Structure formats: structure tokens, C-alpha cells
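Following: one structure in C-alpha cells, then a few remarks.
Numbering (my numbering), first residue to last: 173 to 555.
Printed below as a string of C-alpha cells:
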């Protein structure tokens with residue numbers, strides 16, 4: 173069983189993955205920009221170029237620059253290797269990552285956060301490899317490999333119930349700088365064509381969308397605007413830390429969370445996906461006074477899906493004695509978020525079940541069952 177399948181088993185409504193590209197344009201599931209932290213790339217000398225490390229492996233070191241800000245990554249990049257049937261991309265395996273109630277796994281090219289929904293608007297997601305502390309002991313011996321965007325889609329489509337997808341247009345500036353597609357197509361074009369190939373279409377809550385639900389997310393607003401002419405699938409604008417400008421437009425946090433910007437971007441997206449600490453700041457592991465971002469977004473009819481909720485003690489807040497269920501309740505019912513990304517599918521799904529009233533049909537079935545049991549007991553007592 174893959175970890176996305178495990179998330180589905182635990183109740184995921186949506187599985188999430190960040191999408192990058194290999195050198196020859198195949199879209200793959202990968203969170204980190206480089207392969208070093210989450211795969212065994214360093215053990216494969218055939219991939220190495222550049223200086224030799226103390227352990228004898230090699231590491232490629234080169235600086236990548238975004239148009240408006242400098243950012244350097246040291247390591248091997250997905251767009252430097254190929255994704256063909258016999259390619260080297262089939263060799264690297266994912267290192268250990270923290271998943272599922274503190275358990276650890278060698279992942280199939282992803283971590284497993286899950287975004288749950290409360291009522292119609294909340295969604296779940298599962299993901300791709302990302303180096304996260306702590307780093308516990310791995311299991312499964314690294315037998316899984318990095319998967320493609322299409323394989324990720326297949327996991328959702330092969331589920332025994334309707335399961336949506338929540339893919340991210342990841343680092344589009346970087347992808348378009350280093351990967352070239354035939355006919356002058358862009359990374360975003362290939363991304364949307366892949367979704368369309370598998371039947372993903374329809375505006376939010378339409379019949380087509382409900383049959384095969386999907387959200388498209390990105391930190392790059394120009395990418396979301398660009399694909400709005402290609403697909404009517406609902407889109408979500410991700411918002412980074414207060415110190416990080418948008419990679420494509422160099423806009424500050426204060427600008428992209430202003431009333432004016434929300435009024436602009438609402439024509440292209442159904443919601444925003446901010447880092448949760450920007451909604452409710454944290455000091456010494458205590459939640460502080462909430463900001464007004466949720467209220468401003470809702471005033472523009474934008475949903476709010478913050479990221480990422482985890483259930484390890486180091487990520488839980490002392491206000492609620494580090495109880496994840498109390499924390500879910502705070503975010504959903506007091507802060508009023510419409511959905512939330514979590515690495516712990518099971519705990520959020522349990523919270524939902526415990527806080528969802530029984531339907532009339534369910535109550536009728538329960539009543540009928542109790543009457544049958546009472547009837548059987550009555551017959552037994554008479555005998």
C-alpha cells in the first residue's frame with residue numbers, strides 16, 4: 173500500500189502533491205526543489221557532478237536566481253535527470269519522512285499531509301517528499317520510487333470512492349527557466365493538459381467537478397491567472413511567510429493580503445492557502461491574537477485553507493494543552509477556516525466524525541436495528 177492509499181483509507185477526501193518536472197518534461201511528485209534531502213541521490217555517483225564530499229559522494233552546487241530575489245539551492249535538481257522508462261529517475265528512492273501519527277515510512281515520492289473538509293467546503297490532501305523534523309527510523313527499505321503526476325492521479329481515480337486531487341503548480345518560474353517543452357509550451361500548459369487528459373474539469377461544486385474533484389494551487393499568482401483561460405477548475409492562491417515575496421511578481425505579504433488584492437485575485441481563485449502562523453501568530457508555542465486575514469478573505473467570498481497541521485507535540489500549541497482535537501475545533505469554529513491541510517489524516521477525520529450529527533437516515537437505521545435487537549431479546553426471554 174502506498175502512503176496516498178493509506179491516507180485515502182484513513183478518510184482523505186483530497187490527496188495533495190507538489191508537482192515538478194524532469195529534464196525531458198515529465199511531471200513528477202516532489203516537494204523539495206532538490207532531490208538530496210528526500211532521496212538517496214547521493215548514493216548514486218552516476219548522477220554526481222562537482223566537488224566530492226567527505227563521504228566520497230558528489231554533489232552538484234549551483235546558484236539559481238528568481239527574477240526578483242536571490243535564492244541558492246545546493247544539490248541535485250529533478251530537471252537535471254530524465255524520466256523515461258529506463259531512465260535514471262527510476263533509481264533514486266525517498267528517504268524517511270514523518271507521517272501518520274508519528275509513524276515513519278520510506279515514501280513513494282511524497283509526504284502525506286491530508287486536507288479535510290467540514291461540510292461541503294473543506295478538503296483533505298496527501299502529498300510528496302519533504303524533509304521534516306524529526307527524522308525517525310525508516311521502514312520499507314526504500315523500495316518505493318518517485319512517481320509521476322499521472323501515477324498520482326491514478327491513485328485517486330482508482331480509489332473505492334470519490335477522492336479528489338489538490339496538485340500544486342510548484343516553482344513555475346524555475347521550471348520554465350530550466351525545462352523546455354515542444355511548441356514553446358510552458359510548464360503550466362503541460363500541467364493543465366495532464367488534468368484534462370484524465371477528465372478533470374468543471375467549476376467548484378459543479379456536476380463535473382463533483383464527479384472528479386480537483387483544486388489547483390500555487391504560490392505564483394501569474395500562473396493561476398494564466399491557466400484561468402485554460403481550465404475552470406477551482407484555484408487556490410498559496411501565501412508564504414511574511415518575509416517572502418511572491419517569486420513571480422515580487423509582491424510583499426502586506427500587498428497580497430490587502431483588501432485591494434483580494435478583490436483582484438477573487439476573479440481567478442476560489443480561495444487562499446496561507447501559512448497558518450500568519451493567521452494566528454505564535455510566540456513561545458502559544459497562539460496569539462488572530463489577524464484579520466480570514467475576515468478580509470471571507471468578505472471577498474474567498475475560502476481559507478491554511479497549512480500545515482501536524483499532531484506531534486512540537487507542532488501543537490500550549491493554549492490547548494497540545495490536544496490536536498481541541499486545536500482543530502479552535503481553527504474550524506473560532507477562526508472560521510473553510511479547510512485545513514494536515515499531515516495527520518486519521519486524527520482530523522476522527523474529529524469530523526465525532527463532531528458531525530447523525531443524519532436522519534442514519535438515525536432511522538439505528539432505530540430499526542435497536543428494534544430488531546429488542547425483538548430478538550424478547551423472543552429469547554420468552555423461550
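We put the beta carbon where it would ideally sit given N, CA and C, even for glycine.
Quantities reported herein were computed from a predicted structural model and do not represent experimental measurements.
In three-state DSSP terms, what is residue 509?
Looking up residue 509 in the chain shown gives position 337. Note: residue 509 maps to coil in three-state DSSP.
I'd like the span of the beta strand (DSSP E) that includes residue 328, first residue to last.
As a first step, residue 328 must be located in the chain shown, where it is residue number 156. It is not in any beta strand (DSSP E) - residue 328 instead sits in the alpha helix (DSSP H) that spans 321-329.
Could you tell me the boundaries of the beta strand (DSSP E) in which residue 340 lies?
In the chain shown, residue 340 corresponds to position 168, counting from 1. Element bounds for residue 340: 336-341.
If you compare alpha carbons, which of 384, 197, 372, 189 is closest to residue 204?
The residue given as residue 204 occupies position 32 in the chain shown. The shortest C-alpha separation from residue 204 is found at 189.
Three Cβ pairs or more, each shorter than 8 Å: is that satisfied between the stretch 449-465 and the stretch 396-408?
The stretch 449-465, when compared against the stretch 396-408, does not touch it at the 8 Å Cβ threshold.
For residue 438, tell me which candidate among 474, 383, 195, 424 has the shortest Cα-Cα distance.
One-based indexing of the chain shown puts residue 438 at position 266. For residue 438, the nearest C-alpha among the options comes from 474.
Taking the straight line between their C-alpha atoms, what separation do you get for residue 498 and residue 354?
Stepping through the chain shown from its first residue, residue 498 is reached at position 326. Stepping through the chain shown from its first residue, residue 354 is reached at position 182. Whole-angstrom Cα-Cα distance: 51 Å.
What is the residue span of the alpha helix (DSSP H) that residue 399 lies within?
Residue 399 sits at position 227 when you count from the first residue of the chain shown. 393-399 is the span of the alpha helix (DSSP H), which, as asked, contains residue 399.
Mind checking residue 390: buried by the 16 CB within 10 Å criterion, or exposed?
As a first step, residue 390 must be located in the chain shown, where it is residue number 218. By the 10 Å Cβ count, residue 390 comes out buried.
With the cut-off set at 8 Å, would you say residue 201 and residue 324 are in Cβ contact?
If you number the chain shown from 1, residue 201 lands on position 29. If you number the chain shown from 1, residue 324 lands on position 152. Result yes, Cβ atoms of residue 201 and residue 324 sit closer than 8 Å.
My understanding is that residue 371 touches residue 381, with C-beta atoms under 8 Å, so please give their C-beta distance in whole angstroms.
As a position in the chain shown, residue 371 is number 199, starting the count at 1. As a position in the chain shown, residue 381 is number 209, starting the count at 1. That belief does not hold up - the Cβ atoms of residue 371 and residue 381 are roughly 11 Å apart, past 8 Å.
Kindly list the residues whose CB is nearer than 8 Å to the CB of residue 441, restricted to its own chain and excluding five residues on each side of it in sequence; keep chain order.
Position 269 of the chain shown holds residue 441. Same-chain partners within the cutoff: 396, 406, 407, 408, 409, 474.
Tell me the residue span of the beta strand (DSSP E) that contains residue 368.
Counting from 1 along the chain shown, the entry for residue 368 is found at position 196. Taken as a continuous stretch (DSSP letters only), residue 368 belongs to no beta strand (DSSP E), being part of the alpha helix (DSSP H) at 359-369.
Helix, strand or coil: how does DSSP classify residue 193 here?
Residue 193 sits at position 21 when you count from the first residue of the chain shown. Residue state, collapsed to three classes: strand.
Across the stretch 508-517 and the stretch 475-482, are there enough close Cβ pairs to call them in contact, namely three or more that are closer than 8 Å?
With the cut-off at 8 Å, the stretch 508-517 and the stretch 475-482 touch.
Just checking, does the stretch 422-432 make contact with the stretch 349-369 on the three C-beta pairs under 8 Å criterion?
Result no; under three Cβ-Cβ pairs closer than 8 Å.
Locate the beta strand (DSSP E) running through residue 390, then write down its first and last residues.
For the purposes of this step, residue 390 is identified with residue 218 of the chain shown, where counting begins at 1. Here the beta strand (DSSP E) through residue 390 covers 388-390.
Grab the span of the alpha helix (DSSP H) containing residue 344 for me, first residue to last.
The count along the chain shown starts at 1 and reaches residue 344 at position 172. Run containing residue 344: 344-350, per the alpha helix (DSSP H) assignment.
Alpha carbon to alpha carbon, what distance is there between residue 469 and residue 187?
For the purposes of this step, residue 187 is taken as the residue at position 15 of the chain shown. For the purposes of this step, residue 469 is taken as the residue at position 297 of the chain shown. The alpha-carbon atoms of residue 187 and residue 469 are separated by roughly 24 Å.
Which residues bound the beta strand (DSSP E) around residue 175?
By 1-based counting over the chain shown, the position of residue 175 is 3. Note, residue 175: premise wrong, no beta strand (DSSP E); alpha helix (DSSP H) at 175-181.
In this structure, how does DSSP classify residue 525 when only helix, strand and coil are distinguished?
As a first step, residue 525 is located in the chain shown; it is residue number 353 there, counting from the start. Three-state DSSP puts residue 525 in a helix.
Counting only the same chain and skipping the five closest in sequence on each side, list residues whose C-beta sits under 6 Å from that of residue 272.
The count along the chain shown starts at 1 and reaches residue 272 at position 100. Note that residue 272 scores a pLDDT of 23, beneath 50, so its modelled location is shaky; the value from the coordinates is reported in the next line. Hits under 6 Å: none found.
Spell out the partners DSSP gives residue 447 in its beta bridges.
For the purposes of this step, residue 447 is taken as the residue at position 275 of the chain shown. Answer by DSSP bridge pairing, in chain order: 479.
Is residue 318 helix, strand or coil by DSSP?
For the purposes of this step, residue 318 is identified with residue 146 of the chain shown, where counting begins at 1. Coil.
Would the beta-carbon of residue 336 fall within 8 Å of that of residue 393?
Residue mapping note: residue 336 aligns to position 164 of the chain shown, counting from 1. Residue mapping note: residue 393 aligns to position 221 of the chain shown, counting from 1. No, the pair does not count as a contact, with Cβ atoms beyond the cut-off.
Using the Cβ count rule (16 or more neighbours within 10 Å means buried), how would you classify residue 524?
To locate residue 524, count along the chain shown from 1; it is residue 352. Classification of residue 524: buried, given that the 10 Å Cβ count is 16 or more.
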